[in-house]
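Okay, so here's the structure we're looking at.
In the UniProt record's numbering, the protein residues as written are 1 to 702.
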């Protein structure tokens, strides 16, 4: 290395020989996804690894040295237990989103009867497994970039029971619990006959768990991808849906804590949940088993200063690209009286809807804040029909209890058959939450797969020789409808039979297309035309027009196409939103001036216009063009089958014919005898058509 600069440096280029995996994931369980949530795939197979050397361009058009490698491989990545409904957005490395199609990945939904991947069966038949019951994605030629790695990918998985919840996206908690406990493929193995179906799900007007969740807007999307006890999972789900599980009569019952009639649901499916608020027994001193020296009823009350009056639950908000964030609720009255008491944040990543999170958090807060009295008493075996979650009333004059309603939470039987009952107070109304809107958080990350608008009716013209430089060309201009700001360009597909299309070009900038706001008469004077202004509406493309000098206009810098006439302008004045008045017109470029009606097509012929050379063999044939829009990220590609086919008969107007070229020389010519076969011919078009070329034959002899 020199003192003031670097000497020759030999750069070592790393070449990978296989897929680079940052961490091993060979022993992780197959995840279970309910509803719609985000999940990272796990690569479980790859072959056909390829390294493609990249070169830099050298001076004078010579090839430069090697700069690195790009890699690809055939790959299979596991997603979760199937069958799933599909995969929505895909986040890869950055916050921008894409889709499986844009990444060249195919989805296998995980049906038990799914077929073997056709590529795997043909290229690696000895490894051809169908992987029944496992949802996965696959590609025969997956782009690994320059790092030879899959990168950080996350899929929006539309999993089991997708769309069954009240919001039409998440899953119904009642169906989730049933599937989790009884599914023969991945469930806990709990017998379906041991679940009280009436308590779990039923119809409108009942007190079932399913109706409770529906009317309160509670829906969940759990992702089970780590080892955890089934009881812990079930307890968490029940907490965020304000319910509990009890064992009664040999059946598992799911019972909500709700204490008021609730009507709600989706716009097209309103239901009503009606709680059972009838006490089973009215208990008095005659019913309690006395213990010498003790009160028949023991009351424990928690310290109000220990009750939390602010509660947060952490969710994965769908509107925030499934990033984790808190939903916070509080009781201002309790804060004013006892000071702010903040409870520990509850992880509820099963919730992806902020509206559901708001209700869940409010119910958790109210239950912890207002249910603080605990009652304990003993009863004889004649009350053996009591179950947890039953309501009873307590009357004890010594304690000031007069048919006070309590809810049983626990029952223990001792060796002598006595029942020790634990109950909690039942302040009716605190187990019902008012549903009110919440402001969802959004990180503002761009959606790289946002759909772009289809194109406006495109410009397809064949300019005269004076404009094309005597080359037969088709000029094409395209722009997104309504000036779509997400429109990034389009792929141009061509066909000569209207059936099979081939990609011929890519438009990367919108053409400045518009229509005439008023008519433009023909002009017979000398340029510039200072009499007739040209008023145009550029709304369809959102294109902006700029002024230039008169000299630049005369040179065709602002060349435009107006209904068959080529003209340029010097001054562009904005008269209204997307409306321009063009003056200082240079009329009749390469031809003559002609009149134009209001509504006629207008397009500026700048660098956004595609110029496509036409071969002599194509002249006279009909060309069909399709314009496949994409967005500013290059994604959101329009379905080619939905693209409109625009036809154009190729005329070859951009080149001077042999007769015209010979006449333009201005010297004597001999075309042979009239009786001989035609050796040279030009097509000057129809008499009624515009003038596209003019030949000066000089003055007539005097």
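No residue lacks a Cβ here, since even glycine has one placed at the ideal position from N, Cα and C.
Check: Nonlocal neighbours in the same chain, by C-beta distance under 7 Å from residue 563, ignoring five residues either side; Outcome: 596, 600 and 601
Check: Beta strand (DSSP E) segment containing residue 703, residue limits; Outcome: No statement about residue 703 is possible, as the shown extent of the chain runs from 1 to 702 and does not include it.
Check: Between the CA atoms of residue 68 and residue 14 - distance to the nearest angstrom; Outcome: 7 Å
Check: Assumed close pair residue 311, residue 329 - CB separation to whole angstroms, cut-off 8 Å; Outcome: 6 Å
Check: Nearest residue (CA-CA) to residue 412, options 406, 402 and 423; Outcome: 423
Check: Residue 538 to residue 610 span [Cα, whole Å]; Outcome: 19 Å
Check: Inside the UniProt domain "Rcc01698-like C-terminal" (512–602) only - alpha helix (DSSP H) runs reaching at least 4 residues; Outcome: 550–554
Check: Any 3 or more C-beta pairs closer than 8 Å across the segment 71–91 and the segment 240–258; Outcome: no
Check: Cβ pair count under 8 Å reaching 3, the segment 608–625 against the segment 569–583; Outcome: no
Check: Sub-8 Å separation of residue 399 and residue 313 beta-carbons; Outcome: no
Check: Residue 483 - DSSP class collapsed to helix/strand/coil; Outcome: helix
Check: Beta-carbon gap between residue 643 and residue 603 smaller than 8 Å; Outcome: no
Check: Residue range of the unbroken alpha helix (DSSP H) whose run includes residue 211; Outcome: 209–215
Check: Under 8 Å between C-beta atoms of residue 430 and residue 367; Outcome: yes
Check: Where residue 290 falls: helix, strand or coil (DSSP); Outcome: coil
Check: Residue from 623, 320, 471 and 118 whose Cα sits closest to the Cα of residue 493; Outcome: 623
Check: Inter-stretch contact (C-beta, 8 Å, three-pair minimum) for the segment 572–581 and the segment 531–545; Outcome: yes
Check: Spatial distance of residue 130 from residue 246 (CA atoms); Outcome: 41 Å
Check: Minimum length 4: unbroken alpha helix (DSSP H) runs contained in the segment 79–139; Outcome: 118–123
Check: Reference residue 302; option with closest CA among 370, 590 and 90; Outcome: 370
Check: Proximity winner among 326, 117, 84 and 377, relative to residue 45 (alpha-carbon distances); Outcome: 117
Check: Validate contact between the segment 378–393 and the segment 340–353 using beta carbons, cut 8 Å, 3 pairs; Outcome: no
Check: Cutoff 8 Å: residue 311 Cβ touching any chain D Cβ; Outcome: No chain D is part of this structure, which consists of one protein chain only.
Check: Nearest-angstrom Cα separation, counted from residue 552 out to residue 498; Outcome: 41 Å
Check: Inter-residue Cα distance where the pair is residue 649 and residue 511; Outcome: 22 Å
Check: Whole-angstrom distance between residue 309 and residue 331, CA atom to CA atom; Outcome: 5 Å
Check: Cβ contact (3+ pairs, closer than 8 Å) linking the segment 214–222 and the segment 163–180; Outcome: yes
Check: Rounded C-alpha distance that separates residue 189 from residue 29; Outcome: 17 Å
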